[in-house]
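Novice: Going by full-length UniProt numbering, 492 is the number at position 492 of the sequence shown; the sequence numbering is gapless.
A virtual CB, placed ideally from N, CA and C, is assigned to each residue, including glycine.
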Amino acid sequence: MKVMTNSETPAKDEDGVSVHSHAKSVDQDTVTRVFTSVTGKLELPPDGGYGWVCCFCAGIILFSTWGSNSAFGVYLSYYLDNDIFPGASAMDFAWVAGILVCMGQILSPVALILERFIGFKMTMSLAIVLHTSGYILASFATKLWHLYVCQGVLVGSAYTLICVPALTVVPEWFLKRRALASGLVCTGTGLGGLFYSLTVNAMIKATGNQRWSLRFVGISTAFCMIIGVIFIRKRTPPMDPKFKLKTLNKARKAMFNPQVFKTKKLWYVSFWFAISLVGYTITLFSYASAARALGYSQKQASDLTAVINAAQTVGRPLIGVVADKWVGRINYTIILNMTTMVLILAFWMQCHSFAALMVCGILLGLFLGAGNVMNPVLTADAFEPSEFGCAWATLNLMVGIFAVFSEPIALALRDYSLSNPYHSSQIFAAMMFLAGVLILSPLREYKTAKVIKSRRQETWEELTQLNDKTDREREELSQRLKNYDNMLQRTPRGFLKRLVYPIKV
1 MKVMTNSETP AKDEDGVSVH SHAKSVDQDT VTRVFTSVTG KLELPPDGGY
51 GWVCCFCAGI ILFSTWGSNS AFGVYLSYYL DNDIFPGASA MDFAWVAGIL
101 VCMGQILSPV ALILERFIGF KMTMSLAIVL HTSGYILASF ATKLWHLYVC
151 QGVLVGSAYT LICVPALTVV PEWFLKRRAL ASGLVCTGTG LGGLFYSLTV
201 NAMIKATGNQ RWSLRFVGIS TAFCMIIGVI FIRKRTPPMD PKFKLKTLNK
251 ARKAMFNPQV FKTKKLWYVS FWFAISLVGY TITLFSYASA ARALGYSQKQ
301 ASDLTAVINA AQTVGRPLIG VVADKWVGRI NYTIILNMTT MVLILAFWMQ
351 CHSFAALMVC GILLGLFLGA GNVMNPVLTA DAFEPSEFGC AWATLNLMVG
401 IFAVFSEPIA LALRDYSLSN PYHSSQIFAA MMFLAGVLIL SPLREYKTAK
451 VIKSRRQETW EELTQLNDKT DREREELSQR LKNYDNMLQR TPRGFLKRLV
501 YPIKV
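In structure tokens form, the structure reads like this:
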């Protein structure tokens with residue numbers, strides 16, 4: 001069933017409710033998700049317009065945060081090769097990365113509460129101050145705990161305070177192109193990783209130490225983030241911040257909505273992304289180190305990191321396009337998780353030549369970022385706009401808990417008695433992507449069942465309401481109804497049928 005809307009004259013749905021229009025036809029499931037019972041209107045996002053500017057701004061912010069973080073592998077190799085912090089092991093530095101990623105996710109509820117208390121742009125401005133301070137102070141670090149505080153706590157906290165508000169803006173502007181928009185935004189991470197991994201490595205070589213490269217990252221990212229914060233804006237103007245404890249308490253209650261926590265869809269998406277991100281982090285941060293363990297130079301390892309990040313700049317928008325237009329968001333997410341697992345087991349683990357590592361890096365880069373692109377999209381698809389903040393904050397909280405252990409696990413699994421010391425780490429990363437598929441599968445079954453129920457209802461109405469059907473047509477409709485009933489049976493066989501049913505979801 002299609003609901004046609006028109007941008008010039010008010011349209012009415014089948015119940016006679018007045019709706020605001022849009023220049024496109026939208027399927028009934030889409031209408032259901034954006035209908036607002038408060039206003040009694042259908043308020044479709046523009047799927048473009050100033051939303052593209054907001055995509056650019058959010059992309060710049062990711063370029064400056066998670067993109068610049070991709071250069072941590074360069075710092076890690078430099079710290080270890082030159083004994084910059086005497087006595088520190090690779091595991092010690094892995095905890096720096098773990099703390100950063102954890103703080104960059106786990107404070108999401110705090111970021112959204114703070115946004116309501118002091119304002120949308122004020123929260124992001126605070127993040128710029130923390131981010132710049134973290135990198136500048138890290139350039140003066142002489143002890144390992146200095147890095148824990150500066151590059152770990154300060155920089156990681158800044159990631160949350162600027163990325164969470166920025167990334168909640170994009171779904172407000174898009175609906176049918178939501179995955180495409182998310183993919184374009186996530187391109188910023190790949191571009192940032194490409195730019196900073198090469199730049200940081202070159203600056204360390206030119207200056208002889210890490211100090212000026214850290215200052216460069218702090219200053220350059222501050223400039224980029226300021227541009228993003230100035231031009232990004234919400235589609236629905238936010239309420240003026242109120243510096244009152246009552247407002248703070250109200251925001252806290254909104255962020256911890258019991259109804260959202262009771263929704264199974266939240267936990268499917270949250271555990272899927274948390275587990276998949278462990279695999280993503282191990283793969284991305286270990287790729288260069290694994291090459292070094294095979295005997296390749298620091299420059300070659302840095303080039304491999306750059307290749308993966310360059311491939312991600314192409315792969316992430318393509319993920320959004322393919323998911324939106326042809327395959328379906330949940331379907332394509334599952335396919336890409338499986339593809340990444342196969343690439344790790346069948347290609348990366350067998351690579352020994354530098355050329356093979358380059359090709360493998362390109363392929364991994366094309367598919368590796370599926371979780372980063374699709375997690376806000378799947379969350380937005382599963383919840384109403386008023387519940388999205390709570391759901392996405394919960395997802396990031398879950399991810400932060402898992403992320404802190406990702407890189408330490410990868411290093412703990414190394415075995416230098418093997419020709420490939422990262423053999424166990426690679427298997428573990430692949431299994432994380434497989435686990436992600438298994439966790440997300442019930443969500444696909446749920447979405448498929450929802451579509452089948454809708455089709456069954458349409459078939460039933462067609463069968464009972466129209467009297468001009470021939471006997472053959474009635475028989476066909478009855479058989480179709482029977483098939484739908486069989487597929488909707490609450491049995492293991494019915495579950496498997498719905499799980500593998502070929503449908504775009």
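Pick helix, strand or coil for Arg414, following the three-state DSSP scheme.
Specialist: Indexing the sequence shown from 1 puts residue 414 at position 414. Of the three classes helix, strand and coil, the one that applies to Arg414 here is coil, per DSSP.
Novice: Which whole-angstrom value describes the C-beta separation of Phe120 and Lys234, a residue pair presumed to lie in contact below a C-beta threshold of 8 Å?
Specialist: Start at 1 with the first residue of the sequence shown, and residue 120 comes out as number 120. Start at 1 with the first residue of the sequence shown, and residue 234 comes out as number 234. Contact holds; Cβ gap of about 7 Å.
Novice: Roughly how many whole angstroms lie between the Cα atoms of Tyr422 and Thr199?
Specialist: If you number the sequence shown from 1, residue 422 lands on position 422. If you number the sequence shown from 1, residue 199 lands on position 199. Whole-angstrom Cα-Cα distance: 27 Å.
Novice: From Ile204 to Asn396, what distance separates their C-alpha atoms?
Specialist: As a working note, residue 204 is residue 204 in the sequence shown. As a working note, residue 396 is residue 396 in the sequence shown. Cα-Cα distance, rounded: 33 Å.
Novice: Starting from Asn375 and walking both ways along the alpha helix (DSSP H), at which residues does that stretch end?
Specialist: Residue numbering aside, residue 375 sits at position 375 when the sequence shown is read from its first letter. Ala370 to Ala382 is the span of the alpha helix (DSSP H), which, as asked, contains Asn375.
Novice: Classify Arg414: buried if its beta carbon has 16 or more other beta carbons within 10 angstroms, exposed otherwise.
Specialist: Stepping through the sequence shown from its first residue, residue 414 is reached at position 414. With 16 or more other Cβ atoms within 10 Å, it is buried.
Novice: Beta-carbon within less than 8 Å of Met349's beta-carbon, same chain only, minus the 5 sequence neighbours each way: which residues are those?
Specialist: Taking the sequence shown and counting its residues from 1, the one referred to as residue 349 is at position 349. Excluding residues within five positions, the ones whose Cβ falls inside 8 Å are Asn420, His423, Gln426 and Ile427.
Novice: Rounded to whole angstroms, what is the Cα-Cα separation between Gln479 and Thr464?
Specialist: Here the question's residue 479 lines up with position 479 in the sequence shown. Here the question's residue 464 lines up with position 464 in the sequence shown. The straight-line gap from Cα to Cα measures roughly 14 Å.
Novice: Report back the beta-carbon spacing between Leu481 and Thr459 to the nearest angstrom; my notes put them in contact at under 8 Å.
Specialist: Along the sequence shown, read from residue 1 onward, the residue named residue 481 stands at position 481. Along the sequence shown, read from residue 1 onward, the residue named residue 459 stands at position 459. Contact flag correct, Cβ pair sits at about 5 Å.
Novice: Am I right that Ala274 and Met374 are in contact with their C-beta atoms under 8 Å? What's the rounded C-beta distance?
Specialist: Here residue 274 corresponds to residue number 274 of the sequence shown, with the count starting at 1. Here residue 374 corresponds to residue number 374 of the sequence shown, with the count starting at 1. Actually they do not touch by this definition, with Cβ atoms about 14 Å apart.
Novice: Among Val404, Leu411 and Thr236, whose alpha-carbon lies nearest the alpha-carbon of Tyr50?
Specialist: Within the sequence shown, residue 50 is the residue found at index 50, counting from 1. The shortest Cα separation from Tyr50 among Val404, Leu411 and Thr236 belongs to Thr236.
Novice: Across the stretch 260-272 and the stretch 370-384, are there enough close Cβ pairs to call them in contact, namely three or more that are closer than 8 Å?
Specialist: These segments touch.
Novice: Please identify the residue among Val129, Asn309 and Leu499 whose C-alpha is closest to the C-alpha of Phe63.
Specialist: As a first step, residue 63 must be located in the sequence shown, where it is residue number 63. For Phe63, the nearest C-alpha among the options comes from Asn309.
Novice: So, helix, strand or coil for Leu496, using DSSP?
Specialist: Walking along the sequence shown from the start, residue 496 turns up at place 496. Correct three-state label for Leu496: helix.
Novice: Can you tell me the Cα-Cα spacing of Lys453 and Pro442, whole angstroms?
Specialist: Locating residue 453 in the sequence shown gives position 453, where the first residue counts as 1. Locating residue 442 in the sequence shown gives position 442, where the first residue counts as 1. Their Cα atoms are separated by approximately 16 Å.
Novice: Output the boundary residues of the alpha helix (DSSP H) element that contains Gly228.
Specialist: One-based indexing of the sequence shown puts residue 228 at position 228. Arg211 to Phe231 is the extent of the alpha helix (DSSP H) around Gly228.
Novice: Pull up the CB-CB distance for Val153 and Met103, whole angstroms please, since I reckon it's below 8 Å.
Specialist: Against the sequence shown, residue 153 aligns to sequence position 153. Against the sequence shown, residue 103 aligns to sequence position 103. 6 Å between Cβ atoms; contact.
Novice: What three-state label does DSSP hand Lys234 in the structure shown?
Specialist: The residue you call residue 234 lines up with position 234 of the sequence shown. Looking at Lys234 - three-state DSSP - the assignment turns out to be coil, as it is neither helix nor strand.
Novice: Closest by CA to Met94, which one among Val110, Ala71 and Leu76?
Specialist: By 1-based counting over the sequence shown, the position of residue 94 is 94. In the sequence as presented, Met is not what sits at residue 94; that position holds Ala. The shortest C-alpha separation from Ala94 is found at Leu76.
Novice: Look at the Cβ atom of Val229, then the Cβ atom of Ala58, and state whether they are nearer than 8 Å.
Specialist: Counted from its first residue, the sequence shown places residue 229 at position 229. Counted from its first residue, the sequence shown places residue 58 at position 58. Cβ distance not < 8 Å, so Val229 and Ala58 don't count as in contact.
Novice: Enumerate in chain order the residues of its own chain whose CB-to-CB distance from Gly436 is below 6 Å, with the five nearest sequence positions on each side excluded.
Specialist: For the purposes of this step, residue 436 is taken as residue 436 along the sequence shown, with counting starting at 1. So the list reads Trp272, Ile275, Ser276 and Asn337, once near-sequence residues are dropped.
Novice: Hey, is the stretch 73-88 in contact with the stretch 284-296, meaning 3+ C-beta pairs nearer than 8 Å?
Specialist: Touching, per the Cβ criterion.
Novice: So, helix, strand or coil for Gln489, using DSSP?
Specialist: For the purposes of this step, residue 489 is taken as residue 489 along the sequence shown, with counting starting at 1. Three-state DSSP puts Gln489 in coil, outside helix and strand.
Novice: Tell me which same chain residues have a C-beta within less than 7 Å of the C-beta of Ser353, skipping the five on either side of it?
Specialist: Counting from one through the sequence shown, the residue named residue 353 turns up at place 353. Contacts found: none.
Novice: Tell me the rounded alpha-carbon separation between Tyr484 and Ile330.
Specialist: Start at 1 with the first residue of the sequence shown, and residue 484 comes out as number 484. Start at 1 with the first residue of the sequence shown, and residue 330 comes out as number 330. Their backbone Cα atoms lie some 21 Å apart in a straight line.
Novice: Should Gly183 be labelled buried (16 or more other beta-carbon atoms within 10 Å of its own) or exposed?
Specialist: Stepping through the sequence shown from its first residue, residue 183 is reached at position 183. The residue is buried, with at least 16 neighbouring Cβ atoms inside 10 Å.
Novice: For Leu162, is the classification buried or exposed, using 16 other Cβ atoms within 10 angstroms of its Cβ as the cut-off for buried?
Specialist: On the sequence shown, position 162 is the one that residue 162 refers to. It should be noted that the sequence gives Ile, not Leu, for residue 162. Buried is the call here.
Novice: Please work out which residues of its chain come closer than 6 Å, Cβ to Cβ, to Thr9, disregarding the five sequence neighbours upstream and downstream, and give them in chain order.
Specialist: Within the sequence shown, numbered from 1, the residue matching residue 9 stands at position 9. Its pLDDT being 40, under 50, Thr9 is placed unreliably in this model, and the coordinates cannot settle the point.
Novice: Write down the C-beta distance between residue 586 and Thr221 rounded to the nearest angstrom, noting that I regard them as a contact closer than 8 Å.
Specialist: Within the shown structure, residues of the chain are numbered from 1 to 505, placing residue 586 beyond reach of any answer.
Novice: Taking all protein chains shown into account, decide if Trp326 is buried (16 or more other Cβ within 10 angstroms of its Cβ) or exposed.
Specialist: Reading the sequence shown from its first residue, position 326 is the one you call residue 326. With fewer than 16 Cβ atoms within 10 Å of its Cβ, Trp326 is classed as exposed.
Novice: Check whether the stretch 131-147 and the stretch 173-183 are in contact - that is, three or more C-beta pairs closer than 8 Å.
Specialist: Contact between the stretch 131-147 and the stretch 173-183 is absent, because fewer than three Cβ pairs lie under 8 Å.
Novice: Quick check on the burial criterion: 16 or more other C-beta atoms within 10 angstroms. Buried or exposed for Tyr332?
Specialist: Working through the sequence shown from its first residue, we reach residue 332 at position 332. Classification of Tyr332: buried, given that the 10 Å Cβ count is 16 or more.
Novice: Work out the CA separation of Val451 and Leu488 for me, nearest whole Å.
Specialist: Translated into the one-based positions of the sequence shown, residue 488 becomes position 488. Translated into the one-based positions of the sequence shown, residue 451 becomes position 451. So the two alpha carbons sit approximately 11 Å from each other.
Novice: Do Ala127 and Ile282 come within 8 Å of each other at the CB atom, strictly closer than that value?
Specialist: For the purposes of this step, residue 282 is taken as residue 282 along the sequence shown, with counting starting at 1. For the purposes of this step, residue 127 is taken as residue 127 along the sequence shown, with counting starting at 1. No, the pair does not count as a contact, with Cβ atoms beyond the cut-off.
Novice: Counting only runs that start and end within the stretch 34-112, where is the alpha helix (DSSP H) found for 4 or more residues in a row?
Specialist: Runs found: 50-62, 72-82 and 90-106.
Novice: Within 10 Å of its beta-carbon, does Arg493 have 16 or more other beta-carbons around it, so buried, or fewer, so exposed?
Specialist: Taking the first residue of the sequence shown as 1, we reach residue 493 at position 493. Label assigned to Arg493: exposed.
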